[in-house]
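These notes are about the structure you will find just below.
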Amino acid sequence: MVARLAASAVAALSLLVACSPFKDGADPSSPDAADVDGAADAGVPDAEPDGSGPEADPLVPPVTTPRARACEPGKVFQQIEPVTFEGNLNVESARFTTDRSHGYLAAYPPGGSSLDTEIYGVLRQPPSVTHYAAKLFNALAAPGVFDSHPAVSRDGLRMVFMSKRTGVLALLPAVRAPTGNFVVGAPLERPPTANLMGEPYLLDTDVLYFAAAAGGSEWNLYRASGGPPKYGTDAALPLAINDSVAADNAPVVTADELEIFFASNRADANAKGGLDIWSASRLPAAPVNQFAGASLIELVSTPGIDFPVWVSHDACDLYFVRKASPTEGGRLFIAHR
16 MVARLAASAV AALSLLVACS PFKDGADPSS PDAADVDGAA DAGVPDAEPD
66 GSGPEADPLV PPVTTPRARA CEPGKVFQQI EPVTFEGNLN VESARFTTDR
116 SHGYLAAYPP GGSSLDTEIY GVLRQPPSVT HYAAKLFNAL AAPGVFDSHP
166 AVSRDGLRMV FMSKRTGVLA LLPAVRAPTG NFVVGAPLER PPTANLMGEP
216 YLLDTDVLYF AAAAGGSEWN LYRASGGPPK YGTDAALPLA INDSVAADNA
266 PVVTADELEI FFASNRADAN AKGGLDIWSA SRLPAAPVNQ FAGASLIELV
316 STPGIDFPVW VSHDACDLYF VRKASPTEGG RLFIAHR
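Counting in my numbering, the sequence shown runs from 16 upward without gaps.
Put into structure tokens, the structure is as follows:
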């Protein structure tokens with residue numbers, strides 16, 4: 016959500032993160048490692064067929080059993096709390112396991128730029144419930160190339176992330192090799208009218224939400240349900256809430272797919288500025304892409320850049336990144352209902 020905003024204040028954002036690291040507990044081998052088409056594709060630098068790398072990627076414990084929704088769609092957010100990371104990293108995206116003890120972070124060090132954004136595993140540091148240590152995914156890293164918004168499967172063995180490794184914003188799949196390192200595959204296919212893709216959000220059901228655009232400042236939200244390794248992104252359904260003249264991006268969806276949060280610069284009398292955070296809901300019997308009733312969440316929207324990155328499994332806490340401007344480092348916050 017940041018790289019493209021730097022080029023235009025009305026363009027879109029680059030975002031976030033979720034699952035994670037320094038704890039054994041997940042089988043690092045993937046039975047489907049061979050399913051990632053084009054893992055050694057020439058268009059994707061640093062894709063290592065055997066998963067080898069300078070240092071093993073942090074292990075990701077499996078996500079615990081999802082919790083049932085405890086907060087109904089549309090329930091008001093009442094309080095904001097900061098989330099911090101060792102090293103004072105600038106945050107582009109973040110995502111977590113169900114109990115939030117571990118997570119994935121897309122960030123860059125102080126003094127760097129968004130082009131230095133890499134993917135980290137994070138581990139909560141007790142007694143704090145909002146402070147995390149971070150460890151770089153060295154084998155996955157591509158220095159000097161923007162990698163962000165890691166979306167990870169429940170078992171921790173599959174990832175989809177946003178990257179400029181191919182020269183344009185694209186979504187790249189990756190799987191855990193037997194060595195424990197992630198192996199990057201060829202870019203996912205784009206919807207017919209899109210040239211750019213970003214901000215993936217992967218549900219436990221292998222349903223993938225993302226943003227895409229033909230170019231410029233108009234971005235739309237999509238839902239793909241093809242599952243790995245290709246996810247059916249070329250046949251993804253556009254969401255009914257898309258604004259034809261706005262940048263709608265950074266989709267974050269509750270586990271039951273009845274509520275969506277997203278960032279947008281759409282016109283509204285209560286709009287705050289660059290990118291605001293919106294929500295919409297879907298009736299259980301409605302088609303899967305028929306979210307409606309988009310409304311601004313004023314508590315988490317400012318004159319700067321605000322975008323959602325993760326929602327807790329009980330749908331009560333929304334994690335979002337806030338930036339004073341497109342070129343400034345982001346900070347992560349939780350909005351509590």
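Ideal Cβ placement from N, Cα and C applies to all residues, glycine included.
Q: Would you grab the beta carbon distance between Leu172 and Val190 for me? Rounded to a whole angstrom, and I think it's under 8 Å.
A: Here the question's residue 172 lines up with position 157 in the sequence shown. Here the question's residue 190 lines up with position 175 in the sequence shown. Sure, about 6 Å apart at Cβ, within 8 Å.
Q | Simplified DSSP assignment, three categories, for Val315 | A | Here residue 315 refers to the residue found at position 300 of the sequence shown. DSSP places Val315 in helix when its eight states are reduced to three.
(Q) Am I right that Ile256 and Leu290 are in contact with their C-beta atoms under 8 Å? What's the rounded C-beta distance? (A) Walking along the sequence shown from the start, residue 256 turns up at place 241. Walking along the sequence shown from the start, residue 290 turns up at place 275. Wrong, their Cβ atoms sit about 15 Å apart, outside the cutoff.
Q: Specify the secondary structure class of Ser232 as computed by DSSP and reduced to three states.
A: The residue given as residue 232 occupies position 217 in the sequence shown. Three-state result, Ser232: coil.
Q: Could you check how far apart the C-beta atoms of His351 and Asp332 are, in whole angstroms? I think they sit under 8 Å.
A: Position 336 of the sequence shown, counted from the start, is the residue given in the question as residue 351. Position 317 of the sequence shown, counted from the start, is the residue given in the question as residue 332. Going by Cβ atoms, the distance from His351 to Asp332 rounds to 6 Å, so yes, they are a contact pair.
Q: Taking 8 Å as the cut-off, decide whether the C-beta atoms of Pro215 and Ala166 are in contact.
A: Position 200 of the sequence shown holds residue 215. Position 151 of the sequence shown holds residue 166. Result yes, Cβ atoms of Pro215 and Ala166 sit closer than 8 Å.
(Q) Excluding the 5 residues flanking Ala261 on each side, which residues of the same chain have their C-beta closer than 6 Å to its C-beta? (A) Numbered from its first residue, the sequence shown carries residue 261 at position 246. Cβ within range, chain order: Ser279, Asn280, Arg281.
(Q) Is it buried or exposed, Leu298, if we count other Cβ atoms within 10 angstroms and call 16 or more buried? (A) Walking along the sequence shown from the start, residue 298 turns up at place 283. Answer is exposed; the Cβ neighbour count stays below 16.
Q) Near Pro253, which residues of its chain fall below 6 Å by C-beta distance, leaving aside the five closest residues on each side in sequence? A) Position 238 of the sequence shown, counted from the start, is the residue given in the question as residue 253. For Pro253, where only same-chain residues beyond five positions count, the Cβ hits under 6 Å are Asn235, Tyr237.
Q: Can you grab the Cα-Cα spacing for the pair Leu273 / Pro243, in whole Å?
A: Within the sequence shown, the letter at position 258 stands for residue 273. Within the sequence shown, the letter at position 228 stands for residue 243. So the two alpha carbons sit approximately 23 Å from each other.
Q: For the beta strand (DSSP E) holding Pro215, just list the boundary residues, first then last.
A: Counting from one through the sequence shown, the residue named residue 215 turns up at place 200. Per DSSP, Pro215 belongs to the beta strand (DSSP E) from 211-217.
Q) DSSP state of Ala250, grouped into three classes? A) Locating residue 250 in the sequence shown gives position 235, where the first residue counts as 1. Residue state, collapsed to three classes: helix.
(Q) Distance check for Ser296 and Phe322, CA to CA, integer angstroms please. (A) To locate residue 322, count along the sequence shown from 1; it is residue 307. To locate residue 296, count along the sequence shown from 1; it is residue 281. Rounded to whole angstroms, Phe322 to Ser296 spans 18 Å at the Cα level.
Q: Please report how far the alpha carbon of Pro266 lies from the alpha carbon of Ser294, in whole angstroms.
A: Position 251 of the sequence shown, counted from the first residue, corresponds to residue 266. Position 279 of the sequence shown, counted from the first residue, corresponds to residue 294. Straight-line Cα distance between these residues: approximately 10 Å.
Q) In terms of DSSP beta bridges, what is Ala12 paired with? A) The chain is shown only over 16 to 352; residue 12 falls outside these bounds and no answer can be derived.
Q. Are the CB atoms of Ala83 and Glu107 nearer to each other than 8 Å?
A. Against the sequence shown, residue 83 aligns to sequence position 68. Against the sequence shown, residue 107 aligns to sequence position 92. Cβ distance not < 8 Å, so Ala83 and Glu107 don't count as in contact.
Q | Contacts around Gly213, its chain only, beta-carbon distance under 6 Å, and the 5 residues preceding and following it disregarded | A | Reading the sequence shown from its first residue, position 198 is the one you call residue 213. Met177, Leu184, Ala226.
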